[in-house]
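For the sequence shown, this note's numbering puts the final residue at 186, and the numbers step up evenly by one. Ideal Cβ placement from N, Cα and C applies to all residues, glycine included. Some notes on the structure that comes next.
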Amino acid sequence: MLYIFDLGNVIVDIDFNRVLGVWSDLGRVPLATLQSRFRMGESVEQHERGEISDEQFAAAVCDELDIALSFEQFAAGWQAVFVSVRPEVLTLMHQLREQGHRVVILSNTNRLHCRYWLAQYPQVQQAADRLYLSQEMGVRKPEAVIYQQLLQQEGIPADQAIFFDDNLPNIEAARALGITSIHVTDASVIPAYFAEQR
């Protein structure tokens, strides 16, 4: 079997309020104001596909939020999204590989985040056979082609794949292609799923 894991809120807990909190402090703009303005909009999607640079992305978001930050200040906030690894998921990933299964990570991410989390959490990369990252692939979830590319590169049919993601549109898109998909609504979902398989 091929097991496909998302990264954020599946393997690593993330919290965008931490990002906004840093920007609020650095930019001297109330947190509630930033929370009301922040959207995972077109600039985020372009950045995750690798279509715009980190600097272009920072400028676009600062413009959307109407906040004055240096690129270094922006990056410091953007990296604050990561909270901690879910060790129980890493353990399961290692166990799956030991049992002869293929384990990969499929993440909508960007160069700024990758430079941080790959260095900060080396144990995540060590738990997977391969990383499939949106900014390297030029497409992002829930676009069907990202799943099709992954399956093609792995040489595995959709009915031999199981996908874990916290975002419902990503789950629905994968299911539409015939991939068994588990919606990770909290940290208990993945351990419970594997407990039921025993």
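- Contact between the segment 112 to 123 and the segment 47 to 59 is absent, with fewer than three C-beta pairs closer than 8 Å.
- Ser24: member of the alpha helix (DSSP H) spanning Leu19 to Arg25, first to last residue.
- Listed as beta-bridge partners of His171 by DSSP are Asp153.
- Arg74 has no beta-bridge partner at all, per DSSP.
- Pairwise C-beta distances place the segment 5 to 22 in contact with the segment 37 to 56, as three or more of them are shorter than 8 Å.
- If one requires a minimum length of 3 residues, the beta strand (DSSP E) runs lying completely within the segment 32 to 80 are 70 to 73, in chain order.
- Only exposed fits Glu184, as fewer than 16 other CB atoms lie within 10 angstroms of its CB.
- Going by DSSP, Tyr120 is part of the beta strand (DSSP E) stretching over Arg118 to Leu121.
- A distance below 8 Å separates the beta carbons of Ser95 and Leu(-5).
- Rounded to the nearest angstrom, the gap between the Cα atoms of Val127 and Thr97 is 11 Å.
- The segment 72 to 79 makes no contact with the segment 26 to 40; the number of CB pairs closer than 8 Å stays below 3.
- According to the DSSP assignment, Tyr104 belongs to the alpha helix (DSSP H) that extends over Arg99 to Gln108.
- DSSP, read as helix, strand or coil, puts Arg90 in strand.
- Residue environment: Asn158 is assigned as buried (16 or more neighbouring CB atoms within 10 Å of its CB, all protein chains considered).
- Beta-carbon to beta-carbon, Leu80 and Phe151 are separated by about 14 Å, too far to satisfy the 8 Å threshold.
- Taking a cut-off of 8 Å for Cβ pairs, the segment 103 to 112 and the segment 135 to 148 do not touch, as fewer than three such pairs fall below it.
- Out of Val77, Ile(-8) and Trp66, the CA that lies nearest to the CA of Val10 is found in Trp66.
- Per DSSP, reduced to three states, the secondary structure at Gly29 is coil, with no helix or strand assignment.
- When the five nearest sequence neighbours on each side are left out, the beta carbons in the same chain lying within less than 8 Å of the beta carbon of His82 are those of Ala115, in order along the chain.
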